[in-house]
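Take the sequence shown: its position 43, counting from 1, is numbered 43 in full-length UniProt numbering, and each next residue is one higher. Note sheet for the following structure.
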Amino acid sequence: MEFLKLVALDEVDLGILSAHLQDAVAKVSDLSFERSEKRFAVAFNRFVWEKEVRRTAFRRSPHERRRAILHFDRVLTVRAIGIDRNRPNDVLSLLAINFIAGEAPSGTIELIFSGDTAIRLEVECIEARLTDLGAAWETASRPAHDL
Numbered sequence: 001m002e003f004l005k006l007v008a009l010d011e012v013d014l015g016i017l018s019a020h021l022q023d024a025v026a027k028v029s030d031l032s033f034e035r036s037e038k039r040f041a042v043a044f045n046r047f048v049w050e051k052e053v054r055r056t057a058f059r060r061s062p063h064e065r066r067r068a069i070l071h072f073d074r075v076l077t078v079r080a081i082g083i084d085r086n087r088p089n090d091v092l093s094l095l096a097i098n099f100i101a102g103e104a105p106s107g108t109i110e111l112i113f114s115g116d117t118a119i120r121l122e123v124e125c126i127e128a129r130l131t132d133l134g135a136a137w138e139t140a141s142r143p144a145h146d147l
């Protein structure tokens, strides 16, 4: 079994993490900010896009999800829109991760979720890791979006 281990140190790298995490889901209780360590982390159940094959009527391969940690270092502040910490079981579905450059190398990393929900991380620089934690499990459904 192949476990994903990726590092992001610039905006291009962050785009790669975003692609691997599209449609990942997390509960509000899975969000963690350690101010003294300047660390923000989210535990996701990510859809395994890299193993998807074109499905046909004759090829019905199962879809997979895996538990993964997205971890940002050098985080100065965290702001959330549309997230109620008093509702720890609410589910967040990640759409994309963006970077808004500030005075180099600092800026803002945005985690954009469905339902007009977002998290903004003010960072000294881009320093992120995405790591799969364990075995995959089958899921019957594949995320689909209207264009």
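Virtual Cβ for every residue (Gly too), placed ideally from N, Cα, C. Since this is a predicted model, take the numbers as computed values, not measurements.
Which word fits residue i, buried or exposed, when buried means at least 16 other C-beta atoms lie within 10 angstroms of its C-beta?
i, result
"V42", "buried"
"G82", "exposed"
"E127", "buried"
"D132", "buried"
"R87", "exposed"
"R46", "buried"
"R66", "buried"
"G107", "buried"
"A19", "exposed"
"A144", "exposed"
"A68", "buried"
"L92", "buried"
"L9", "exposed"
What are the residues that DSSP puts in a beta bridge with residue i?
i, result
"K27", "V91"
"F113", "L94, T117"
"I69", "A43, T131"
"E34", "R39"
Quick one: grab the DSSP three-state call for residue i.
i, result
"E64", "strand"
"E138", "strand"
"G102", "coil"
"K5", "strand"
"L147", "A caution first: L147 carries a pLDDT of 45, below 50, which makes its placement in the model too unreliable to give a value."
"E124", "coil"
In the DSSP assignment, find the unbroken alpha helix (DSSP H) run with residue i in it and report its ends.
i, result
"I83", "Segment: none, I83 is in no alpha helix (DSSP H) and carries neither H nor E."
"F48", "Phe is not the amino acid found at residue 48; the sequence shown has Val there. No alpha helix (DSSP H) holds V48; DSSP gives it neither H nor E."
"E11", "11-21"
If you follow the beta strand (DSSP E) that residue i is part of, which residue opens it and which one closes it?
i, result
"L130", "128-132"
Give a yes or no on contact between the stretch 116-129 and the stretch 77-95, applying the rule of three or more CB pairs nearer than 8 Å. yes
Using a Cβ distance threshold of 8 Å, determine whether the stretch 15-27 contacts the stretch 90-102, with at least three qualifying pairs required. yes
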